[in-house]
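Colleague: This is the structure, below, for whatever I ask next.
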Amino acid sequence: MKHFDALDKLLDALPLENGLSISFHHHLRDGDGVINPVLRALKKRDIKDMHLYVSSIFPSYKAIKELMESGHIKDITTNYMNGPVAQAISQNGLKGTLKMQSHGGRARAFIEGENKVDIAFIAAPAVSRQGDITGAVGKNSFGSIGYACEDARHASLKVAITDTFRDDFTPQIKGELVDYVLEVDSIGDVARMASGTLKITKDPLGLKIARETMQFLTAIKAIKQDVSFQSGAGGVSLSITKMFNDYLKRHALQASFYSGGITGVHVDALEKGLVRDLYDVQCFDRAAAKSLFVNAHHHFMCASDYANPNNEKRIIKALDIVILGASEIDLDFNVNVTTDSYNTLIGGSGGHSDTAEDAKLSIIVSPLLRARTVLIKDRVNTITTQGRFVDVLITERGIAINPLRTDLIEAIKGSDLNVMSIEELQKKAYNLTGIPKSKNHKLSAIGIVENRHGDAQDTLYKKE
Amino acid sequence: MARSYLFIPANEPRMLQNAYVFDADAIILDLEDSVAIEEKHEARHLAKSFLKDYPKDTARTYVRINTQADWLERDLACLQDLDFEGIVLPKMTLKMWETYEKTALKQGFHKPVIGIVETPEAFFELDAIASIEQIEGLILGAEDLVSGMEAKRTLEGHEILYARSMVRMACAKHHILAIDTPWTNLEEAHLQKDITHAITLGFEGKCAIHPNQVPVINEAFAPSKATIDFALRVMKKYEETSSMRFSLDGQMVDKPVLQRAEDTLKKARFYGLLKEDRS
């Protein structure tokens, strides 16, 4: 293992050539300070036609756009993107191809050799003398480094980039996997990690959807001792998690585990004894990052242990309930969280398709109307998650249950829930907005959505 | 009958679109205080489109109009021939009623009216106001009233206890709806305390100025499960004994208790809280 104190010296030592494939993780989210400088240094060395494997792309990752435009980045494989890079790819495509994977699918593709990476650059909040890495301590500690594990195990060369050296931690990535360590002044600004919608919503529509979701879960008697649960970090999801916690408390129940991206709301449940364990692939805020270091029942997990479909011990295989969002859903319950209706990339699966497929009950929560746009389409623009894995849609104006789930349809009989078919729910929305004109906007392909098993699931097109 | 009356500013399309989403028993499209002067025209137009084209819901729909003579006239003209329950008339006094009635008669406008009593003057003619045939109910408007009294609105509500009691009594005497004042602080615990004051005095519903207040109001003004269960047992024993006077759980049941039990079950049925109505 070699140590370097300057990026240029490190790059001098690395085998750099055109067509290089490199990887990064996104744990610092918008506060990442590694991706931009490394990419710009590679551009300076004129390394062309690179393939970028980055677990997610956030608005601050501006160098990606610069290198796309200069021809230094040819292909991108990622799980999620928004901001200027997403806009640019939607507008112009790439010199090569865009591949959108899921979090579990990315881990599987690394392990099975489909994602072939020459050099993994790993932003590491703390590195030990042996090269061990953790995300849980350091001046920019972001908690779990779960999305970098497979990069560290399977890239040809692994570089840990850190601003903190210390030895008093349990490694999340073992030093024996690390080839090079680069010391920098700062790996980013962890204060910007928690950007986005990480607060419990006060929006009346969001709260109404959250209440309806709890009523649904109560009606089907899904919240019981040892239940396992996952929700995202959006305002509505967090509200549901908070209400879920309150329900457990009121009924003296304890959940077995919460998994996925972890926030302070999840930590609060752990500390109050409402859930036994947290399985954390990514911390969404500082409260979660701090808890991972101090709470014995807050467990770090790698992406493969979280959601790799070929890992029999993956955590979400035991997941009872998952709450997910949607930008579009169609009459077959297919969900799109990747593009908007005009092909603009606005997100990606992340763990959406993984958890929907594995959880015993997958619930989509979303407003039926956003301004005058109706959530339910005849056909989604992009399939992120297949409808056969989606069980229930809950909106502010009604609930639709996938006809495949006859057990759920039976379970809610006699309840007060406002349940109707998805076609009726769509009609209800159209009564308010009118029926939109159909569009034919499949212009030129720029990439694919790959399902977690590695099969091409849908095509991505240039923006209209 | 309604527990919650949610104000919806008529100049906000997003709020109008979601007006019926929040489970309020009644909505009040507002052309008055929540609409800036320069937006009155637009608000009238949007309210008209909403009442004309928006799919109807089970919630009752009212419109709060302006009291300034020319605006009142324009408001009523724009609401002609539209399908909604009634008018909410602010700053209700006998003089205001005279102005309203004159304009309404001139335009051939016939709708039930809920008056907002919110000036000290109104409380010296409350009995007469409540006796007007078209008046369906009264809303206590505490914020303006307290300003008029140069008093301070508090969580304890001592400053409006007299006014609250008077409104309740006038409504009870004339068998019209007694609707409590909005609570303007969005803190849920404070709202609950304010509701307790209103329920203690016998109010049947309350205004909401934010959708997040609706579930709290609905729950508080609906009969509790324990109250419904007791009422069911009272009525069962009454049917069994055919007596207007008997004891239940060590409590004497007579005509007023029987009447309350009947009222409770009527409300419970209306709000869909009885199992027999759910199947």
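If you read the protein sequences in the order shown, they are chains A and B. Residue numbering for the first sequence follows numbering that gives the first Met the number 0, beginning at 0 and increasing consecutively. Residue numbering for the second sequence follows numbering that gives the first Met the number 0, beginning at 0 and increasing consecutively. Backbone N, C-alpha and C fix where the C-beta goes; we use that ideal spot for every residue, glycine too. Source: prediction; values computed, not measured.
DSSP state of B:D276, grouped into three classes?
Modeller: Low confidence applies here, because B:D276 scores a pLDDT of 44, under 50, leaving its location unreliable; read the following figure in that light. Reduced to three states, the DSSP call for B:D276 is helix.
Colleague: Roughly how many whole angstroms lie between the Cα atoms of A:Q214 and A:H250?
Modeller: Each residue's alpha carbon lies about 15 Å from the other.
Colleague: Any Cβ of chain A within less than 8 Å of the Cβ of B:G271?
Modeller: Interface residue, yes.
Colleague: Pick out whichever of A:F256, A:A325, A:Y246, A:K436 has its Cα sitting closest to the Cα of A:H351.
Modeller: The shortest C-alpha separation from A:H351 is found at A:A325.
Colleague: Ignoring anything shorter than 3 residues, give me the beta strand (DSSP E) runs that lie fully in the stretch 218 to 291 of chain A, in order along the chain.
Modeller: 227 to 230, 254 to 261, 274 to 282, all fully within the stretch 218 to 291 of chain A.
Colleague: Determine the chain A residues that contact B:F21 at a beta-carbon separation under 7 Å, and present them in chain order.
Modeller: Result: P203, K207.
Colleague: Look up A:G397 in the DSSP assignment and give the residues it is bridged to.
Modeller: BP columns for A:G397 point to A:T394.
Colleague: Need the endpoints of the beta strand (DSSP E) that B:T239 sits in, please.
Modeller: For clarity, residue 239 of chain B is Glu in the given sequence; the question names Thr instead. B:E239 -> not in any beta strand (DSSP E); alpha helix (DSSP H) instead, spanning 224 to 240.
Colleague: I'd like to know whether the C-beta atoms of B:G140 and B:D193 end up nearer to each other than 8 Å.
Modeller: Contact: no.
Colleague: Between which two residues does the beta strand (DSSP E) carrying A:L482 extend?
Modeller: No answer is possible for residue 482 of chain A: it lies beyond the span of chain A, which begins at 0 and ends at 463.
Colleague: Return the first residue and the last residue of the alpha helix (DSSP H) that A:C148 is part of.
Modeller: Its alpha helix (DSSP H) spans residues 148 to 153.
Colleague: Quick one: what does DSSP say A:T432 is sitting in, helix, strand or coil?
Modeller: Correct three-state label for A:T432: helix.
Colleague: If you drop the 5 nearest sequence neighbours on each side, which residues of the same chain put their C-beta closer than 6 Å to that of A:H50?
Modeller: Excluding sequence neighbours, A:H50 sits near S20, D74.
Colleague: Since A:D11 is in the beta strand (DSSP E), which residue starts that stretch and which ends it?
Modeller: No beta strand (DSSP E) holds A:D11; the alpha helix (DSSP H) holding it covers 6 to 12.
Colleague: Please list, in chain order, all residues of the same chain as A:A232 whose beta carbon is under 6 Å from its beta carbon, the five residues on each side excluded.
Modeller: If we look at A:A232 and ignore the five residues flanking it on each side, its Cβ neighbours are L197, G260, T262, F283.
Colleague: With three or more beta-carbon pairs closer than 8 Å as the criterion, would you say the stretch 323 to 340 of chain A touches the stretch 137 to 149 of chain A?
Modeller: No, because fewer than three Cβ pairs between the stretch 323 to 340 of chain A and the stretch 137 to 149 of chain A fall closer than 8 Å, the two stretches do not touch.
Colleague: Would A:A190 pass as a contact of A:G30 if the rule is Cβ separation under 8 Å?
Modeller: In this structure, A:G30 lies closer than 8 Å to A:A190 by Cβ.
Colleague: Since B:D24 and B:R59 should fall inside the 8 Å C-beta cutoff, what is the C-beta to C-beta distance between them, to a whole number of angstroms?
Modeller: B:D24 to B:R59, Cβ: 7 Å. Contact.
Colleague: Under three-state DSSP, which class holds A:G490?
Modeller: In the structure as shown, chain A begins at 0 and stops at 463. Residue 490 of chain A is therefore absent and cannot be evaluated.
Colleague: Quick check: B:W96 and B:I138, are their CB atoms within less than 8 Å of each other?
Modeller: In this structure, B:I138 does not lie closer than 8 Å to B:W96 by Cβ.
Colleague: Is DSSP giving B:M95 helix, strand or coil here?
Modeller: Here B:M95 sits in helix by DSSP.
Colleague: So which residues on chain B does A:R451 lean against when the C-beta distance must stay under 8 Å?
Modeller: Within 8 Å Cβ-Cβ: nothing; A:R451 doesn't reach chain B, min ~35 Å.
Colleague: Rounded to the nearest angstrom, how far is the Cβ of B:A177 from that of B:R2, given a contact under 8 Å?
Modeller: The pair is not a contact, with the Cβ atoms about 12 Å apart (cut-off 8 Å).
Colleague: Buried or exposed for A:D117, please, with buried defined as at least 16 other CB atoms from any protein chain shown within 10 angstroms of its CB.
Modeller: Answer is buried; the Cβ neighbour count reaches 16.
Colleague: Over what stretch of residues does the beta strand (DSSP E) that includes B:Y61 continue unbroken?
Modeller: Per DSSP, B:Y61 belongs to the beta strand (DSSP E) from 59 to 63.
Colleague: Check A:L403 in the structure and name its three-state DSSP category.
Modeller: A:L403: coil per DSSP, three-state reduction.
Colleague: List, in order along the chain, the chain B residues whose C-beta lies closer than 7 Å to that of A:N335?
Modeller: Those do not exist, as A:N335 stays about 23 Å from chain B at its closest Cβ, beyond 7 Å.
Colleague: Could you please give me the residues that DSSP links to A:F168 through a beta bridge?
Modeller: Paired residue(s): none; A:F168 is not in a bridge.
Colleague: Counting C-beta neighbours from all protein chains within 10 Å, is the total for A:H25 16 or more, i.e. buried, or is it exposed?
Modeller: By the neighbour-count rule (16 or more Cβ atoms within 10 Å), A:H25 is buried.
Colleague: Excluding sequence positions up to five away, which residues of its chain have a Cβ less than 8 Å from the Cβ of A:D319?
Modeller: A221, V226, S227, F228, A358, K359, L360.
Colleague: Counting only runs of 4+ residues fully inside the stretch 1 to 68 of chain B, write out the alpha helix (DSSP H) ranges in chain order.
Modeller: Correct list: 12 to 16, 39 to 52.
Colleague: If we define contact as Cβ-Cβ less than 8 Å, is A:L464 a contact residue for chain B?
Modeller: Here chain A comprises residues numbered 0 to 463, so residue 464 of chain A is not present and cannot be evaluated.
Colleague: Which residues, in chain order, does the stretch 12 to 42 of chain B contribute to contact with chain A at a C-beta distance below 7 Å?
Modeller: So the list reads Q16, N17, V20, F21, given in the order they occur along the chain.
Colleague: Is the beta carbon of A:T133 less than 8 Å from the beta carbon of A:A122?
Modeller: Their beta carbons are not under 8 Å apart, which means A:T133 does not touch A:A122 by this criterion.
Colleague: Is B:N211 close to chain A? Criterion is C-beta to C-beta, closer than 8 Å.
Modeller: Chain A contact via Cβ: present.
Colleague: Closer than 8 Å by beta-carbon distance: list the chain B residues that pair up with A:R396, in chain order.
Modeller: Correct list: V20.
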